[in-house]
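Okay, so here's the structure we're looking at.
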Amino acid sequence: MKRSLFFAILLVLGLTLPSFAQEEWGEIRYAVRPLNVRADRDAGARRITTLKQGERVKVDYLKDDWYAVFRVGETVRSEKNALGYSFGKYLKPVANARWGRIMQPDRNLNVRTGRGPGYRHVVTLMKGDKIKVDFLKDGWYAVFKVDEKRRDPDRAIGYSIAKYLVPAKADTHSADSWGEHRHADRMLTVRKEPNPRSPHVRTLQKGEHVKVGKMIKGWYAVYEPGETDSSRIVGYSNGKYLLPAKSGYTPPTRKRSRAKPEASSAAKKSQPKQSADTQTVKKSTPEPEKSATDSTAASGVWGDIVSTPRKIILREKPNESAEESIILQRGELVKIDFEKNGWVGVFPINESKRQESRVLGWAPRNLLVQKSGTSDSLEAFNAKPTVKHVPQKTDSGQQQAVSGKPKTTRPAAKPAPRPTPEVELKKETAQKTATESEKTPAEKDRASSASSATQARSTVTPKPVEMSKMAPARTRSSSTSSSVQITPSQKSSGVSMSGERKKSRLKPEDIRRDTRNPGTDEVRHGFRFKVLDKKEIRTRIERFYGIVVFVDLDTLPDSEALQDLAATIWKENRRNGILNQVNLYLPGVDRSGPAYAVARFDENGNVEYWERKSVLFGTRFY
Amino acid sequence: MQIMSTYRRLSALMLAATLMTVLAALPASAAQKVGFVNPQRVINESRIGSVAQQDLTRLGEEKDKVIRKSAEEINALQLELENAGLSAAERQLKQERVRLLVRQHDDLVKRSNEQIKMEEARLIQFIMKKADGILRDLAQRKDYSMIITDPNVIGYIDNSVDLTDDVIEQLDKLEKK
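Line by line, the protein sequences give chains D and X. Residue 532 is where the first sequence starts when you use the working numbering, and the numbers rise one by one after that. Residue 78 is where the second sequence starts when you use the working numbering, and the numbers rise one by one after that.
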């Protein structure tokens, strides 16, 4: 009896004693300069010691930009064991510091928003997909992209159960190691992106077999049957209509690393069905061995680099009646491809993806390519593609380069000041009293607290705005507020009396059209986004630190969710000591214009948040 | 104000004179068709204009919230000042604080008004940029060589060349895209 009791106690203790299996924690960082370690997360707290520049420590428990600092060899993750606290800004990750493990699922595996099967699904990893994992806890890993450099749990894509993850194999490109074959149970559209509004790529016939990869929101990534390269996605199709391969189906074996001959010629002839939106095609040397994340077009070996011989207006489509998009100045280096009826698509010079949807605009080929005498800038440029010379044709197309009045030049980094439209707020509105009352003598007495309290209650809520007088913003003649706009006839050389021409100072990163999807590289709170720009901005009345963000969405989210996202982005990208403003742009919203949502933060947090529904006109959200 | 209105009148006259000169200079052989668009009506009557006004209202409410918060802080301090139990030093400190907050509050109100004006200008510019493309299309389709957008320079306009309704209709169609 006593012995059985003894063993029972041992068993219970064994179950309740903490496991000695060490879960990975902390991160090795180094001090970029002599750095104090303090007793608390406060610059005024008692200094305990000072780290030398370059000294390495282990850090964890990040809070309010302060880390808890540990010895590098510390194994027990407890804040009590910390040496102290240091300001995180001066602790940088060790270069090439290894963290995490590269693993792959041994079956199709869900990634969820939390460590449990009840959490929302984020994405499905296919068997063999490489991922980086870390922060093992309760049998679940935090999952990161393979190339993720920052060891930060907030940057995780999600969480997956550890037992189905195995160390990654060297080669995951054999046809058997990823994906599966399925067939369409009806005529099925393949689209460029996993949503029903995305452009059509091709149509699968009923019964046609394809290979499918990742599933995103119920849509499969679709590949050619037998495809071995997981980066060569044809498009996306609704998973509901893709059933497992029929019995007896044998996928074809495909040779790796070769472009299809018909795809190469199609690229030159621009056949719409085999547009390079779906196929990655190379014109020149055979493709090298590729990694999981490489793609043909990523090597940049496509298109021709040209220097514009004169100022050229690009159009949205390859025809003269299309709308103008942007203006290229003389001597600018661009990449051209996708010839159609004598027109070519124009790309930024460093564009890596050969996709027609990524053009800046279209121009007649003969305007872009000179007969001879390439500019010095071309020779100095170290791009791999060569420049082709095409005899220049004489046509009326040359006139269009100078004729007419361009619709809009690309906004310069510092746009020329526009004339302020003659707009007045309605005089009857309450907010006028706030400013007009300053002029009254009684209210000038600021020492009187009673009157100031009364004054404080005045508001600036505008009633329905009477935009009483205004002129179109871009029209101006001499110093008057004229609004005459002359639109020249089609054959004239174009006379413009009004407006200002903005000089377009094109930089490669600025050439992109402002409504194009710039892609996303981060995920927070379930939102995919990309921080496009961060800089200090001065207006007539204030100075703030602006953070421009593109958020990729299919449907309009709640204001609270966006506000939450803005707050997270602010915390990660803010600059202290100045008002911060986060501008959120949605797909289709012109990024040269007002953002959809604006959130302002001072040192303590969110001060203001508002949205502009009017900028959604013409997008899929309105 | 008088100077401004005189200046505007002079400017309008100069503009009218320039217009006449240009019209005379244009080739006589080309039939000159002149149209007119009233920007005020575009803003007031189009759907995008009314949504922009709602956006502005929302911004005003947001600014209002901040100003009210600032006012409440001042009021709370004043209530404390009325407390008889304060020492002279404390009272002086609080009064200084009130004076500072009041100054900040005034700046805040002024800045908020300016920001609303700037936002209004921004939204108008955004709408007119959209209308610009529509205007250009209309002009090319209907062979207009000039489109006037300032009602001040117009003495009389026939409805047949008033393109405002067309512009509004096209702007409203953007919503349905």
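Even glycine gets a Cβ: it sits at the ideal position worked out from N, Cα and C. Predicted model, so just to flag it, every value in this text is computed and none were measured.
Open item on the list: Quick check on residue 911/D: does DSSP put it in helix, strand or coil?
Closed with: Note on residue 911/D: pLDDT 40, under 50, position unreliable in the model; the coordinate value appears next. Residue state, collapsed to three classes: helix.
TODO: Give the residues of chain D in contact with residue 191/X, contact being defined as C-beta atoms less than 8 Å apart.
DONE: Neighbours of residue 191/X in chain D, taken as residues at a C-beta separation under 8 Å, are given in chain order as 1071, 1072.
Open item on the list: Which residues of the stretch 601-621 of chain D have a Cβ closer than 9 Å to any Cβ of chain X? Give them in chain order.
Closed with: So nothing in the stretch comes that close.
Task: Under 8 Å by beta carbon: chain X residues contacting residue 1141/D - done: Within 8 Å Cβ-Cβ: 132, 135, 136, 139.
Task: Span of the beta strand (DSSP E) around residue 877/D - done: DSSP places residue 877/D in the uninterrupted beta strand (DSSP E) bounded by 874-879.
Open item on the list: Let me check one thing: in DSSP terms, what residues is residue 1148/D bridge-paired to?
Closed with: Paired residues: none, contrary to the question.
Task: Three-way DSSP call (helix, strand, coil) for residue 1123/D in this model - done: If DSSP states are grouped into helix, strand and coil, residue 1123/D belongs with coil.
Task: Those runs of the beta strand (DSSP E) which lie wholly inside the stretch 120-200 of chain X and span at least 3 residues - done: Along the stretch 120-200 of chain X, the beta strand (DSSP E) does not occur as any fully enclosed run of 3 or more residues.
TODO: Report buried or exposed for residue 714/D, applying the criterion of at least 16 other Cβ atoms within 10 angstroms of its Cβ.
DONE: A residue is called buried once 16 or more other Cβ atoms fall within 10 Å of its Cβ, and residue 714/D is buried on that count.
Task: Proximity test, Cβ basis, 7 Å: residue 86/X and chain D - done: At a cut-off of 7 Å between beta-carbon atoms, residue 86/X makes no contact with chain D.
Open item on the list: Strictly under 7 Å for the Cβ-Cβ distance: is residue 1124/D near chain X by that measure?
Closed with: With its beta carbon less than 7 Å from one in chain X, residue 1124/D belongs to the interface.
Task: Coarse secondary structure for residue 237/X, derived from DSSP in three states - done: Residue state for residue 237/X is assigned as helix, using DSSP reduced to three classes.
Open item on the list: Checking 7 Å against the spacing of the C-beta atoms, do residue 569/D and residue 615/D come in under that value?
Closed with: Contact flag set, yes.
- [ ] Quickly, what does DSSP pair residue 1142/D with across the bridge? List them, please.
- [x] Paired residue(s): 1128/D.
- [ ] Out of 1101/D, 1088/D, 1074/D, 685/D, state which residue places its alpha-carbon closest to the alpha-carbon of residue 1062/D.
- [x] Minimum Cα distance to residue 1062/D is reached at 1101/D.
- [ ] Could you check which residue in 894/D, 726/D, 860/D, 1113/D has the C-alpha nearest to that of residue 849/D?
- [x] Closest in C-alpha terms to residue 849/D, from the list 894/D, 726/D, 860/D, 1113/D, comes 894/D.
Open item on the list: Considering only their Cβ atoms, is the gap separating residue 837/D from residue 867/D smaller than 7 Å?
Closed with: It is a contact, given that the beta carbons lie within the stated cut-off.
Task: Whether residue 865/D touches residue 877/D by CB criterion (7 Å) - done: Yes. Within cutoff.
Task: Whether residue 655/D touches residue 689/D by CB criterion (7 Å) - done: Inclusion of residue 655/D and residue 689/D in the CB contact set at 7 Å is not warranted, their separation being larger than that value.
- [ ] With a 10 Å radius around its C-beta and 16 neighbouring C-beta atoms as the bar for buried, classify residue 879/D as buried or exposed.
- [x] Buried is the label assigned to residue 879/D, since at least 16 other Cβ atoms lie within 10 Å of its Cβ.
Task: Contacting positions in the stretch 238-250 of chain X - beta carbon closer than 7 Å to chain D - done: From the stretch 238-250 of chain X, no residue has a Cβ closer than 7 Å to chain D.
Open item on the list: Suppose you measure from the CA of residue 86/X to the CA of residue 1092/D; what does that come to, to the nearest Å?
Closed with: Residue 86/X and residue 1092/D: Cα-Cα distance of roughly 51 Å.
Open item on the list: Can you pull the chain D neighbours of residue 125/X, defined as C-beta to C-beta under 8 Å?
Closed with: 1145, 1148, listed in chain order.
Open item on the list: Taking the alpha-carbon of residue 1088/D as reference, which of 1127/D, 1111/D, 1109/D has the nearest alpha-carbon?
Closed with: Comparing Cα positions, the closest option is 1127/D.
Open item on the list: I'd like to know if residue 161/X contacts chain D, where contact means its C-beta is closer than 7 Å to some C-beta of that chain.
Closed with: Not one chain D Cβ lies under 7 Å of residue 161/X.
Task: Distance cut-off 6 Å: residue 876/D Cβ against heavy atoms of the ligand GDP - done: Only the bare structure without any ligand can be found here, which leaves the ligand GDP out of the picture.
Open item on the list: Do residue 249/X and residue 123/X have their beta-carbon atoms positioned less than 7 Å apart in this structure?
Closed with: In this structure, residue 249/X lies closer than 7 Å to residue 123/X by Cβ.
Open item on the list: Which residues does DSSP list as the beta-bridge partners of residue 562/D?
Closed with: According to DSSP, residue 562/D bridges with 622/D.
Open item on the list: Counting C-beta neighbours from all protein chains within 10 Å, is the total for residue 1086/D 16 or more, i.e. buried, or is it exposed?
Closed with: With a 10 Å radius around the Cβ and a threshold of 16 neighbouring Cβ atoms, residue 1086/D comes out exposed.
TODO: For residue 814/D, decide whether its Cβ has a neighbour in chain X, counting only Cβ atoms nearer than 7 Å.
DONE: Reliability of the predicted coordinates at residue 814/D is poor, the pLDDT of 41 falling under 50, and no value is obtained from them.
Open item on the list: Please tell me whether residue 1060/D and residue 1046/D are closer than 7 Å, where the distance is taken between their beta carbons.
Closed with: The Cβ atoms of residue 1060/D and residue 1046/D lie no closer than 7 Å to each other.
TODO: Express the C-alpha separation of residue 150/X and residue 164/X in angstroms, rounding to a whole number.
DONE: Taking the straight line joining both Cα atoms gives about 21 Å.
Open item on the list: Quick check: is the beta carbon of residue 119/X nearer than 7 Å to any beta carbon in chain D?
Closed with: Chain D has no Cβ within less than 7 Å of the Cβ of residue 119/X.
Task: Nearest candidate by alpha-carbon position, reference residue 636/D, set 650/D, 685/D, 1097/D, 709/D - done: For residue 636/D, the closest C-alpha among the options 650/D, 685/D, 1097/D, 709/D is that of 709/D.
Open item on the list: Does the contact criterion of 3 or more C-beta pairs under 8 Å hold for the stretch 227-243 of chain X versus the stretch 133-142 of chain X?
Closed with: Between the stretch 227-243 of chain X and the stretch 133-142 of chain X, the count of Cβ pairs shorter than 8 Å is below three; the stretches do not touch.
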